[in-house]
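Engineer:
In the working numbering, the protein residues as written are 567 to 749.
#1: Tell me whether residue 588 is buried or exposed, calling it buried when 16 or more other Cβ atoms sit within 10 Å of its Cβ.
#2: With residue 695 as the anchor, note down where its alpha helix (DSSP H) starts and where it stops.
#3: Do the CB positions of residue 712 and residue 670 come within less than 8 Å of each other?
#4: Using 8 Å as the threshold, is the C-beta distance between residue 709 and residue 689 below it?
#5: Excluding sequence positions up to five away, which residues of its chain have a Cβ less than 6 Å from the Cβ of residue 581?
#6: Below 8 Å between beta carbons: does that hold for residue 684 and residue 643?
#7: How is residue 667 classed by DSSP in three states: helix, strand or coil?
#8: Got a sec, what are the start and stop residues for the alpha helix (DSSP H) residue 570 sits in?
#9: In angstroms, rounded to a whole number, what distance separates the CA positions of residue 663 and residue 694?
#10: Going straight from the alpha carbon of residue 621 to that of residue 575, what length do you get?
#11: Do you know offhand how far residue 584's Cα is from residue 700's?
#12: Going by alpha carbons, who is nearest to residue 611 out of 625, 599, 602?
#13: Are there 16 or more other CB atoms within 10 angstroms of the CB of residue 686, so buried, or fewer, so exposed?
#14: Would you list the residues sitting across from residue 612 in a DSSP beta bridge?
#15: Does the Cβ of residue 577 have 16 or more other Cβ atoms within 10 Å, making it buried, or fewer, making it exposed?
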């Protein structure tokens, strides 16, 4: 396993463990990966600091697009959560199996314009309200699956899809994957 993958995994674990200071944990992980790449492996564009600068210069458009996307997702998610809509919506859902299904459809729709993680978190909060705190682990997995599937077809709700579109990959080239993710 490449060391940079391990460092990325440790960064994700750090963000999860230190959730009160996620920005600090994420930036620490980013700096660690950059230092590792500069010191040991280099980049496609060269070795050391000059290779890093050249790499960033080559990828700056994608990096800026990604930063703007993530900031936009964060703003949309924050606005949605502060609206108290996730707490109000479960009141309108049926209180049998259909309520759970409709909630999954709602998460699927939400993730088409919100980030997948934000849609899953909002879906989890709504499920907590709907099922009065008794949410089964399998249902949480279904919420995550619905949030991933909903964003897979939308350039608004999925960073990966957006990056593919920026990279020139046409939706018709990955249509089978979109259908598989939705099913």
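Heads up, the beta-carbon is just placed ideally off N, CA and C, and yes, glycines get one too.
Structural biologist: Considering the structure as presented:
#1: Working through the chain shown from its first residue, we reach residue 588 at position 22. Label assigned to residue 588: exposed.
#2: Taking the first residue of the chain shown as 1, we reach residue 695 at position 129. Here the alpha helix (DSSP H) through residue 695 covers 682-696.
#3: To locate residue 712, count along the chain shown from 1; it is residue 146. To locate residue 670, count along the chain shown from 1; it is residue 104. Yes, they are a contact pair.
#4: Stepping through the chain shown from its first residue, residue 709 is reached at position 143. Stepping through the chain shown from its first residue, residue 689 is reached at position 123. Closer than 8 Å, so yes.
#5: The count along the chain shown starts at 1 and reaches residue 581 at position 15. Cβ within range, chain order: 588, 591, 592.
#6: As a first step, residue 684 must be located in the chain shown, where it is residue number 118. As a first step, residue 643 must be located in the chain shown, where it is residue number 77. Yes; because the gap between Cβ atoms is below 8 Å, this pair is in contact.
#7: For the purposes of this step, residue 667 is identified with residue 101 of the chain shown, where counting begins at 1. Reduced to three states, the DSSP call for residue 667 is helix.
#8: Taking the first residue of the chain shown as 1, we reach residue 570 at position 4. It spans 569-583 - the alpha helix (DSSP H) in which residue 570 sits, taken as one unbroken run.
#9: By one-based count along the chain shown, residue 663 stands at place 97. By one-based count along the chain shown, residue 694 stands at place 128. For residue 663 and residue 694, the distance between alpha carbons rounds to 15 Å.
#10: The sequence position of residue 621 within the chain shown is 55, counting from 1. The sequence position of residue 575 within the chain shown is 9, counting from 1. So the alpha carbons of these two residues sit roughly 22 Å apart.
#11: Translated into the one-based positions of the chain shown, residue 584 becomes position 18. Translated into the one-based positions of the chain shown, residue 700 becomes position 134. Spanning the two alpha carbons is a distance of roughly 26 Å.
#12: In the chain shown, counting from the first residue as 1, residue 611 sits at position 45. Per the Cα distances, 625.
#13: Residue numbering aside, residue 686 sits at position 120 when the chain shown is read from its first letter. Buried, since its Cβ has 16 or more Cβ neighbours within 10 Å.
#14: In the chain shown, counting from the first residue as 1, residue 612 sits at position 46. Beta-bridge partners of residue 612 (DSSP): 609.
#15: Looking up residue 577 in the chain shown gives position 11. Buried.
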